[in-house]
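Student:
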Amino acid sequence: QPTMAEQPQPHVSVLPSTETGTDSVQFREETLIAMTNKRVQFHVYERVKVEAKFGASDIDVLNFQVSELHTPIGVQKEALLRCQGVISYSFDL
Numbered sequence: 001q002p003t004m005a006e007q008p009q010p011h012v013s014v015l016p017s018t019e020t021g022t023d024s025v026q027f028r029e030e031t032l033i034a035m036t037n038k039r040v041q042f043h044v045y046e047r048v049k050v051e052a053k054f055g056a057s058d059i060d061v062l063n064f065q066v067s068e069l070h071t072p073i074g075v076q077k078e079a080l081l082r083c084q085g086v087i088s089y090s091f092d093l
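Residue 56 in the UniProt record's numbering sits at position 56 of the sequence shown, and the numbers go up by one each step.
1. Let me know the alpha helix (DSSP H) ranges lying completely inside the segment 11 to 81, each 4 residues or longer, listed in chain order.
2. Thinking C-alpha only, which one of ALA56, ARG47, HIS70, GLN84 is nearest THR31?
3. According to the neighbour-count rule (16 or more other Cβ atoms, all chains shown, within 10 Å of its Cβ), is LEU62 buried or exposed?
4. Hey, how far is the Cα of VAL66 from the Cα of SER88?
5. Between GLU29, VAL44, VAL25, SER24, which lies nearest to CYS83 when the distance is taken from Cα to Cα?
6. If I'm right that THR71 touches PHE54 with Cβ under 8 Å, what's the distance once you round it to whole angstroms?
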């Protein structure tokens with residue numbers, strides 16, 4: 001029987017949405033809270049994938065504050081990601 005470390009972790013993938021309904025706003029808020037201090041994979045334009053530790057979002061969800069941003073050209077200690085440039089993001093629960 002697999003140990004806890006060997007078992008697959010639940011995974012969430014999210015596509016940013018422009019919907020403003022109550023359900024979508026609540027889902028977005030719950031997702032942002034669940035992402036806090038987790039490693040998140042961001043899929044951005046030009047088929048680039050980056051990974052970072054999620055910190056916070058501004059009130060309008062226009063920017064994500066992240067740390068330890070791993071990009072194809074190196075690692076940034078701290079960064080802001082513009083949400084307009086994010087196609088999707090995913091993280092393990």
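Virtual Cβ for every residue (Gly too), placed ideally from N, Cα, C.
Tutor: Looking at the atomic coordinates:
1. 22 to 35
2. ALA56
3. exposed
4. 15 Å
5. Nearest Cα to CYS83 within the set GLU29, VAL44, VAL25, SER24: VAL44.
6. That pair is no contact at about 15 Å.
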